[in-house]
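One structure is given here, and the rest of the page talks about it.
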Amino acid sequence: MADEDTRLVSMLESIPYARFLGIKAELAGDEMTAVLPFAQHIVGNPMLPAIHGGVLGAFMEMTALAQLSVAAPMKRQPRTIDVSIEYLRSGRPLTTYARATIKKLGRRIANVHVEAWQETRSAPIATLRGLFLVAPSEE
Amino acid sequence: MIATAMNEGSPQARALGFSTLEIGEATAILKVPYRPEIVGDPETGVIAGGVVTTLLDHASGQAVHAALTAWVSIATLDLRIDYMRAAEPGLDVFARAHCYKLTRSVAFVRAVAYDRDPNDPVAAAQATFMLDSSAGKKPGANLKPPRDAGAKTGGVD
């Protein structure tokens, strides 16, 4: 298994809250797709039903953290400075996917954009932009 | 009443153990109890940022309902959160939200999350909500396939 793969798997397995939500990830080269399988306990609005907006935010934040762990070995887990989440469509009772793009990975700050979708990649259900305080290992 | 329904009736709120401590004219105070399952950094035992996100979103929604005179469906349009410091491991986290402006279609909310003192917040949030977001949508609307992919649908609660 490649280093990136090992880092990603151990990161997701070590975070209790990622396990609580059931988040998984697939890696193809350096491209990672995070997967949030639908489960009853992630529903926010039971009438529609729709996935809780907070869960979608949490999932996209975790996707950003996972993508950072793939991009470079870190001395410690990146700390979230701020996030800005936009909700575009309601989260239907389906599997949700997310991909993160690292716009900049500096010595201290990383800027990451994330998009989450369900059936149609071109119709995202939510997006997140986040800033993270990072501590890349010096190699 | 709406607050209780929003905690008991929302599977994610129930899974995280949310409770509403106070509802004011346009305010709400919610609590999430500390549990090892919701930790984000196993090295420090600090509660995950995502849990705070969900608590702030949920508290903001209840503040909107507190500000409204009649029940209408609402959906978060956007949510911006500043994480000022890590929550203290082992402590419950609270969120206080205030809906400071209502228009016909949109509600504006500010909220803070804290563990000991609201004046020393863990995180601060600014959110907007769409009002009457489920207009014309029947219960179970999301169980049916969308009319066409990428079609306009409602927001997220």
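So the protein lines, in turn, are chains A and B. Numbering follows our numbering, in which position 80 of the first sequence is assigned residue number 60; successive positions increment by one, without gaps. Numbering follows our numbering, in which position 40 of the second sequence is assigned residue number 45; successive positions increment by one, without gaps. Note that the Cβ used here is the ideal one computed from N, Cα and C, for glycine as well.
Handout entry: Per-residue DSSP class, three states only, for N91 (chain A)
Key = Here N91 (chain A) sits in strand by DSSP.
Exercise for the section: Could you name the residues of the segment 25 to 49 of chain B whose beta carbon sits closer than 8 Å to any beta carbon of chain A, in the order they occur along the chain? Expected result: P41, E42, I43, V44, G45, D46, P47, E48
Exercise for the section: With Y67 (chain A) as the anchor, note down where its beta strand (DSSP E) starts and where it stops. Expected result: 59 to 67
Practice task
May I have a chain-ordered list of the alpha helix (DSSP H) segments no shorter than 4 residues that lie completely inside the segment -17 to 57 of chain A?
Solution key: Uninterrupted alpha helix (DSSP H) stretches at least 4 residues long and entirely within the segment -17 to 57 of chain A occur at -17 to -6, -4 to 1, 33 to 51, given in chain order.
Exercise for the section: Flag this pair as touching only if the segment 71 to 82 of chain A and the segment 35 to 55 of chain A have three or more C-beta atom pairs under 8 Å; answer yes or no. Expected result: Three or more beta-carbon pairs separated by less than 8 Å link the segment 71 to 82 of chain A to the segment 35 to 55 of chain A, which places the two stretches in contact.
Handout entry: Any C-beta of chain B under 8 Å from that of T75 (chain A)
Key = no
Practice task
May I ask you to report which of helix, strand or coil DSSP gives L143 (chain A)?
Solution key: Because chain A spans -19 through 119 in this model, residue 143 (chain A) falls outside it and cannot be assessed.
Exercise for the section: Check the Cβ-Cβ distances between H70 (chain B) and every residue of chain A, and say whether any is below 8 Å. Expected result: no
Handout entry: Cβ-Cβ distance between V44 (chain B) and I34 (chain B) below 8 Å
Key = Not closer than 8 Å, so no.
Problem - Alpha-carbon to alpha-carbon, D137 (chain B) and I61 (chain A) - result: Each residue's alpha carbon lies about 32 Å from the other.
Practice task
Would you identify the three-state DSSP class for R40 (chain B), choosing helix, strand or coil?
Solution key: coil
Problem - D(-15) (chain A) at chain B interface by Cβ criterion, 8 Å - result: By this cut-off, D(-15) (chain A) is not an interface position.
Practice task
For the beta strand (DSSP E) holding R101 (chain A), just list the boundary residues, first then last.
Solution key: Looking at the DSSP string, R101 (chain A) is not in any beta strand (DSSP E), and its letter there is neither H nor E.
Problem - As assigned by DSSP and simplified to three states, the class of L84 (chain B) - result: DSSP places L84 (chain B) in strand when its eight states are reduced to three.
Problem - CB of L(-8) (chain A) within 8 Å of CB of R59 (chain A), strictly - result: no
Problem - Identity of the residue in A:M54, A:L68, A:V50, A:A30 nearest A115 (chain A) by Cα - result: A:M54
Exercise for the section: Mind checking the segment 22 to 40 of chain A against chain B and listing, in chain order, the residues whose C-beta falls within less than 8 Å of any C-beta there? Expected result: For the segment 22 to 40 of chain A, the residues whose beta carbon sits under 8 Å from a beta carbon of chain B are, in order, I22, V23, G24, N25, P26, M27, L28, P29, A30, I31, H32, G33, G34, V35, L36, G37, A38, F39.
Practice task
Under 8 Å by Cβ, that's how I've got L85 (chain A) and A52 (chain A) pegged, so tell me the actual separation to the nearest angstrom.
Solution key: 7 Å
Handout entry: Whole beta strand (DSSP E) elements within the segment 105 to 140 of chain B, 3-residue minimum
Key = The beta strand (DSSP E) runs of length 3 or more contained entirely in the segment 105 to 140 of chain B are, from start to end of the chain, 111 to 119, 128 to 136.
Exercise for the section: Flag this pair as yes or no: are the beta carbons of R90 (chain B) and V57 (chain B) separated by less than 8 Å? Expected result: no
Handout entry: Backbone CA spacing between G155 (chain B) and E99 (chain A) [nearest angstrom]
Key = Only weak support is given to the placement of G155 (chain B): the predicted model assigns it a pLDDT of 47, under 50, and the value that follows is read from those uncertain coordinates. About 9 Å.
Handout entry: Short Cβ contact (8 Å threshold) for Y67 (chain A) with G33 (chain A)
Key = It is a contact, given that the beta carbons lie within the stated cut-off.
Problem - Cross-strand partners of V56 (chain B) (DSSP beta bridge) - result: V56 (chain B) pairs with nothing; no bridge assigned.
Exercise for the section: Step through the CB atoms of chain B and report whether any lies within less than 8 Å of the CB of F18 (chain A). Expected result: no
Problem - As assigned by DSSP and simplified to three states, the class of V98 (chain B) - result: strand
Practice task
Kindly say whether V117 (chain B), judged by its beta-carbon, lies nearer than 8 Å to any beta-carbon of chain A.
Solution key: False, the Cβ-Cβ gap to chain A never drops below 8 Å.
Problem - Residues within the segment -13 to 6 of chain A neighbouring chain B, beta-carbon criterion of under 9 Å - result: S(-6), I(-5), P(-4), Y(-3), A(-2), R(-1), F0, L1
Exercise for the section: Determine the direct distance from the alpha carbon of A116 (chain B) to that of A130 (chain B), and round the result to whole angstroms. Expected result: 5 Å
Handout entry: the segment 68 to 75 of chain B contacting the segment 11 to 27 of chain A, beta-carbon criterion three pairs below 8 Å
Key = Segments in contact, no.
Handout entry: Interfacial residues, the segment 87 to 101 of chain A to chain B, with Cβ spacing under 9 Å
Key = Closer than 9 Å at the C-beta level to chain B, one finds these residues of the segment 87 to 101 of chain A: E99, T100.
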